[in-house]
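Novice:
In the working numbering, the protein residues as written are 8 to 232.
Structure below.
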């Protein structure tokens with residue numbers, strides 16, 4: 008009897024741990040960033056060891072979120088980043104998901120951070136390989152630079168209204184984006200990150216249950232890179 012109770016208690020503990028690690032979530036934020044805005048700040052940036060990235064939006068991450076505005080993070084400390092899981096898509100990762108942080112790196116530290124902080128909270132839906140593959144596929148599906156250029160919005164250091172940027176992306180994707188701005192050394196509001204929402208499968212764009220606060224001015228600079 009005591010042995011059965013011991014086994015039962017162990018099973019209950021394991022179930023509780025699993026429930027904590029594999030938390031449910033409501034949707035993903037798929038976040039792309041403009042490298043010109045990342046680099047055009049007092050903090051500046053460092054190019055990856057592979058060289059200067061293309062003048063294109065790059066992936067920041069795919070982040071599980073709740074409908075109430077909160078989000079899970081670091082859900083499974085035992086699920087560490089394993090580069091062998093993505094060995095055959097490294098070239099795509101380097102192209103579409105480069106790290107611009109300093110010191111210059113090969114991206115592994117950045118991808119490890121994204122998996123361990125955000126990806127582990129999506130393990131109920133996507134394993135590590137699926138998480139990175141799904142994010143790369145979203146990047147191919149959502150070509151922000153082409154969408155904006157089609158609307159006459161170019162990375163030329165000119166200023167565009169926030170509404171025109173939002174409307175262009177909504178027209179191009181079918182969904183309302185969240186726009187995040189940062190400031191350059193002259194304190195100009197500049198286009199930094201674009202948030203779009205994705206269902207829990209990591210495959211389909213959806214209308215966002217809520218959008219992050221933009222912190223943008225009415226007019227936004229689209230800096231060169």
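Backbone N, C-alpha and C fix where the C-beta goes; we use that ideal spot for every residue, glycine too. The structure presented is a predicted model; accordingly, all values stated were derived computationally and were not measured.
Taking the C-alpha atoms as reference points, what is the distance between residue 227 and residue 85?
Specialist: C-alpha separation (whole angstroms): 42 Å.
Novice: Can you pull the DSSP bridge partners for residue 167?
Specialist: 227
Novice: Thinking just about the alpha-carbon of each residue, which of 49, 127, 177 is nearest to the one in residue 82?
Specialist: Distance from the Cα of residue 82 is smallest, within the candidate group 49, 127, 177, for 127.
Novice: Starting from residue 42, trace the alpha helix (DSSP H) in both directions and tell me its first and last residue.
Specialist: Taken as a continuous stretch (DSSP letters only), the alpha helix (DSSP H) holding residue 42 covers 42-46.
Novice: Taking C-beta to C-beta, are residue 189 and residue 45 nearer than 9 Å?
Specialist: yes
Novice: Closer than 6 Å by C-beta to residue 215: which residues in its own chain qualify, once you throw out the five before and the five after it? Chain order, please.
Specialist: Closer than 6 Å at Cβ, skipping near neighbours: 204.
Novice: Considering Cα atoms alone, identify which of 94, 95, 118 is closest to residue 105.
Specialist: Nearest option by C-alpha distance: 118.
Novice: Spell out a yes or no on whether the segment 29-40 and the segment 66-78 are touching, meaning 3 or more CB-CB pairs, one atom from each, closer than 8 Å.
Specialist: Yes, since at least three Cβ pairs between the segment 29-40 and the segment 66-78 fall closer than 8 Å, the two stretches touch.
Novice: Can you give me the Cβ contacts of residue 137 inside the same chain, cut-off strictly under 8 Å, excluding the 5 residues immediately before and after it?
Specialist: 209
Novice: Would you identify the three-state DSSP class for residue 126, choosing helix, strand or coil?
Specialist: helix
Novice: Helix, strand or coil for residue 67? Go by DSSP, reduced to three states.
Specialist: strand
Novice: Output the distance between the C-alpha atoms of residue 145 and residue 194, rounded to the nearest integer angstrom.
Specialist: Rounded to whole angstroms, the gap between the alpha carbons of residue 145 and residue 194 is 32 Å.
Novice: Can residue 52 and residue 108 be called in contact, C-beta distance under 9 Å?
Specialist: yes
Novice: What residue range is occupied by the uninterrupted beta strand (DSSP E) comprising residue 199?
Specialist: 196-205
Novice: Hey, out of 95, 125, 113, 164, whose CA is closest to residue 57's CA?
Specialist: 113
Novice: From this set, 129, 43, 164, 134, which residue's C-alpha is nearest residue 252's C-alpha?
Specialist: The first residue shown for the chain is 8 and the last is 232, placing residue 252 beyond what the model contains.
Novice: Using DSSP with H/G/I as helix, E/B as strand and the rest coil, what is residue 36?
Specialist: strand
Novice: Using three-state DSSP, classify residue 133 as helix, strand or coil.
Specialist: coil
Novice: How is the beta strand (DSSP E) around residue 186 delimited, first residue to last?
Specialist: 185-190 is the extent of the beta strand (DSSP E) around residue 186.
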